[in-house]
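J.: Take this structure first; my questions come after.
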Amino acid sequence: MSLAIVIMAAGKGTRMKSDLPKVLHPANGRPVVEYVIEKSEALEPETIVLITGHQSEKVRQATSKFAVRYALQEPQHGTGHAVMQAEPLLKEFDGEIIILSGDAPLFTTATLKELAAFHRANKAGATVLTAEIDDPTGYGRIIRSKNGQEVLRIVEQKDATEEEKAVNEINSGVYVFNTAELFDALHSITNNNTQQEYYLTDVFGICFGKGRKVCAFKVADPNEIRGINTPEQLREAEALLLSGKYV
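Laid out in structure tokens, this is it:
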């Protein structure tokens with residue numbers, strides 16, 4: 011099965027207290043997004059698409075040594091809107107797409123391989139990488155079917171009920187989709203939510219509504235799904251990267 015990888019790298023990162031694009035903040039002397047691109051390359055995909063936005067030229071210049079293609083998200087209207095910008099570059103592609111976040115450098119290549127294999131083995135239309143954490147505040151929650159085998163929806167913190175907020179299985183922001191399923195569903199999502207944004211996670215509900223199988227693959231080490239939103243989280247990620255476990 012052919013593989014493409016889309017990396018979302020358009021955000022401002024206002025909580026980093028810096029005008030530097032979030033994905034360019036250095037982790038142990040290297041831009042965070044470099045770790046994500048290198049791990050993507052290790053999967054030998056047919057193509058890698060980097061979605062830029064905030065200070066797009068800086069991000070392009072900093073990543074120009076890599077064999078990536080660029081899509082521009084301007085203005086920025088959410089994660090679903092971001093991935094829509096990659097569609098023209100992937101219109102001839104027929105395979106699986108892994109979607110990653112450029113500010114989450116700790117997932118391992120082995121985990122991505124296991125995620126893709128799980129997606130194929132279950133003949134899923136869409137699969138999300140998840141983890142269980144003690145304090146899920148701020149994360150999207152994974153709402154599973156009663157038998158626990160499939161995902162019904164992913165609910166953002168701001169849109170979650172009190173019952174849904176009690177769920178401690180969270181969305182990592184790493185996904186696998188069949189290409190046709192992804193872009194077909196993206197054409198159907200709306201921005202009818204608190205943030206008035208197009209959520210990529212709404213694709214899962216559309217797939218489920220069409221009778222397509224939606225699965226979740228739970229990673230054993232929740233550190234792998236850590237994103238970087240604050241200087242404190244950056245320092246924590248640097249220490250974990252230095253451990254040598256997250257390659």
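The sequence shown begins at 11 in my numbering and counts up one residue at a time.
Where is the CB? At the ideal position from N, CA and C, for every residue including glycine.
To the nearest whole angstrom, what separates the beta carbons of Gly90 and Leu210, a pair I think is in contact under 8 Å?
T.: Correct: roughly 4 Å between the Cβ atoms.
J.: Let me check understanding here. Comparing Cα to Cα, which of Ala136, Glu84 and Ala120 lies closest to Val186?
T.: Looking at the Cα atoms, Ala136 is the closest of the given residues.
J.: Look at the alpha carbon of Asn178 and the alpha carbon of Asp145, and state the distance between them as a whole number of angstroms.
T.: Their backbone Cα atoms lie some 7 Å apart in a straight line.
J.: Where are the alpha helix (DSSP H) runs, 4 residues long or more, that stay fully inside the segment 71–140, in chain order?
T.: 89–94 and 119–131, all fully within the segment 71–140.
J.: Using 8 Å as the threshold, is the C-beta distance between Val229 and Ile238 below it?
T.: It is not a contact, given that the beta carbons lie outside the stated cut-off.
J.: Using only the alpha-carbon positions, how far apart do Asn233 and Ile216 sit?
T.: Asn233 and Ile216: Cα-Cα distance of roughly 29 Å.
J.: Could you check the C-alpha separation between Tyr45 and Ile153 for me, to the nearest Å?
T.: Cα to Cα, the separation comes out at about 30 Å.
J.: Of all the alpha helix (DSSP H) runs that stay within the bounds of the segment 202–239, which reach a length of 4 or more residues?
T.: DSSP runs (the alpha helix (DSSP H)) wholly in the segment 202–239: 212–219.
J.: For Asp212 and Gly148, I'd like the C-alpha separation in whole angstroms.
T.: Cα-Cα distance, rounded: 17 Å.
J.: Do you know how far the Cα of Leu192 is from the Cα of Gly221?
T.: In a straight line, the C-alpha of Gly221 is about 14 Å away from that of Leu192.
J.: Taking a contact to mean a Cβ-Cβ separation below 8 Å, would you say Ala127 touches Ile108 in this structure?
T.: Cβ distance not < 8 Å, so Ala127 and Ile108 don't count as in contact.
J.: Please work out which residues of its chain come closer than 8 Å, Cβ to Cβ, to Ile143, disregarding the five sequence neighbours upstream and downstream, and give them in chain order.
T.: Closer than 8 Å at Cβ, skipping near neighbours: Tyr149, Asn178, Ile180 and Pro232.
J.: Can you grab the Cα-Cα spacing for the pair Tyr208 / Gly88, in whole Å?
T.: Tyr208 and Gly88: Cα-Cα distance of roughly 5 Å.
J.: In terms of residues, what are the limits of the alpha helix (DSSP H) holding Ser50?
T.: Val42 to Glu51 is the span of the alpha helix (DSSP H), which, as asked, contains Ser50.
J.: Can you give me the C-alpha to C-alpha distance between Ala114 and Val43, rounded to a whole angstrom?
T.: Whole-angstrom Cα-Cα distance: 8 Å.
J.: From the DSSP output, in three-state form, read off Ala14 for me.
T.: Three-state result, Ala14: strand.
J.: Applying the criterion that 16 or more other CB atoms from any shown protein chain within 10 Å of the CB defines a buried residue, is Gly23 buried or exposed?
T.: With 16 or more other Cβ atoms within 10 Å, it is buried.
J.: What number of angstroms, rounded off, separates the C-alpha of Ala176 from the C-alpha of Ser74?
T.: Distance between the alpha carbons of Ala176 and Ser74 is about 43 Å.
J.: Would you check if the distance between the CB atom of Met94 and the CB atom of Leu196 is smaller than 8 Å?
T.: The answer is yes: Cβ separation under 8 Å.
J.: Mapping the DSSP letters down to three states, classify Thr189 as helix, strand or coil.
T.: Three-state result, Thr189: helix.
J.: Using only the alpha-carbon positions, how far apart do Leu251 and Leu116 sit?
T.: Each residue's alpha carbon lies about 7 Å from the other.
J.: Are three or more beta carbon pairs between the segment 14–33 and the segment 46–59 nearer than 8 Å?
T.: Verdict: yes, contact present.
J.: I believe Ile61 touches Ala19 by the beta-carbon criterion, under 8 Å. Please report the beta-carbon distance rounded to the nearest angstrom.
T.: So it is a contact: roughly 6 Å between Cβ atoms.
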